[in-house]
Amino acid sequence: VDKTSLRVHFSLPPVRPGASAHGNVTVHVKAGDGAWQAVDATSSTLISSNGSGTAHWADSRVALVKGLAEGLSYRAQVHVKNACGWGAFSPVSEPLTLGAAAFKPIASAAPLLEAVDSTSLRVLFSPPPVRPGAPAHESVTVYVGVGGLWQTVDAASSTLKPGVAFRAGVGFALVKGLSEGVTYRAKVSVRNIHGWGAHSPSSEPLQLPEPASPVSGPASSVSGPVSGPASPEVEVTGSKSREERDAELRKRSVDVDAEVVDLDAPRYPKRSKKES
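Under this note's numbering, the first residue of the sequence shown is numbered 2, with each subsequent residue one higher.
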């Protein structure tokens with residue numbers, strides 16, 4: 002109802018065949034792991050379960066409880082009375098936390114990490130569903146950690162430092178300026194007008210890649226820069242100078258000329274008269 006009040010809604014069990022109708026209902030409420038207390042129907046406050054007070058009529062179906070403590074979690078159970086006496090207690094209700102804590106966002110699911118490059122990653126997250134009756138989510142704080150050290154991500158600079166939170170509808174956060182080869186985790190927390198909700202579970206770890214080493218090969222034989230358009234002819238040079246190469250070429254041409262055979266000469270040389 003408000004920060005210090007709640008309503009207990011209950012339904013009655015069916016009447017046993019041949020049994021008398023239900024007459025009264027006692028509503029019991031407890032805070033946390035404390036003792037059960039009865040609700041006085043006249044004052045709508047908690048009294049000792051063994052104390053005197055007014056039970057609720059069986060057809061009332063609801064009990065208002067006031068004077069409770071803000072921020073505590075409460076549970077309730079009821080039992081019904083007829084002419085034969087009190088029946089067994091009902092199962093215990095789900096807990097309800099009073100005050101602002103009841104309307105803060107619940108924890109998000111664990112975010113996912115995606116490597117962008119060797120010094121950057123992306124945190125992907127989904128805000129949790131809004132509690133019934135609670136206001137919409139406003140912002141998300143993203144935390145990135147190494148080991149046990151957590152740092153917040155500044156939405157304005159995408160770096161690890163205190164700063165601006167992310168809008169709840171963004172869905173991801175870019176984080177830059179990280180270290181190569183280091184393993185990171187992330188978690189998020191969502192805020193509405195009542196405050197920050199619980200942190201999400203941590204993401205799976207992600208190790209950023211190290212930059213690839215340059216490929217090394219044999220040293221180039223070119224000692225200086227190559228300028229101008231590529232030549233259509235390739236000249237292979239050795240250790241000899243141009244003058245030495247020209248002299249060798251001239252010598253080869255002389256040797257070739259010396260070896261020229263006269264095709265018109267007779268097959269066998271003529272013998273001299275002295276040889277005959």
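Positions of the beta carbon are idealized from the N, C-alpha and C atoms, including for glycine.
- If you draw a straight line from the Cα of V26 to the Cα of G88, it comes to about 10 angstroms.
- Using a Cβ distance threshold of 8 angstroms, A77 and V9 count as a contacting pair.
- Rounded to the nearest whole angstrom, the C-alpha separation of A64 and A108 is 31 angstroms.
- Residue range 173-176 is occupied by the beta strand (DSSP E) that includes F173.
- Per DSSP, D3 lies in no beta strand (DSSP E) segment and is marked neither H nor E.
- Residue burial is scored here from C-beta neighbours: N51 has fewer than 16 other C-beta atoms within 10 angstroms and is therefore classed as exposed.
- With respect to V154, A169 sits apart: the two C-beta atoms are not nearer than 8 angstroms.
- Bounds of any beta strand (DSSP E) do not take in R62, whose DSSP letter is neither H nor E.
- With a contact defined as Cβ atoms closer than 8 angstroms, L47 and G19 miss out at about 36 angstroms.
- Judged by their CB atoms, P106 and V191 are nearer to each other than the 8 angstroms cut-off.
- Counting along the chain, N51 sits inside no beta strand (DSSP E), nor does DSSP assign it H or E at all.
- Secondary structure note for L69: it is in no beta strand (DSSP E), with a DSSP letter that is neither H nor E.
- A direct Cα-to-Cα measurement between F90 and Y75 gives close to 17 angstroms.
- For the set A156, E181, H29, the Cα lying nearest the Cα of S94 is the one of H29.
- Residue pairing for W87: DSSP places it in a beta bridge opposite K82.
- When rounded, the separation of the alpha-carbon atoms in L207 and S159 is 18 angstroms.
- Here N193 has P106, P136, H138, E139 as same chain residues with Cβ atoms under 6 angstroms from its own Cβ, once five neighbours each way along the sequence are excluded.
- V147 places its beta carbon 8 angstroms or farther from that of A187.
- The beta carbon of A116 sits closer than 7 angstroms to the beta carbons of L122, L207, L209, P210 from its chain, once the five residues preceding and following it are set aside; these are given in chain order.
- Secondary structure of A32 (DSSP, three-state): strand.
- By the criterion of a C-beta distance shorter than 6 angstroms, A111 is surrounded in its chain by S201, P202, S204, once the five residues flanking it on both sides are discounted.
- G72 has its alpha-carbon roughly 11 angstroms from the corresponding atom of D3.
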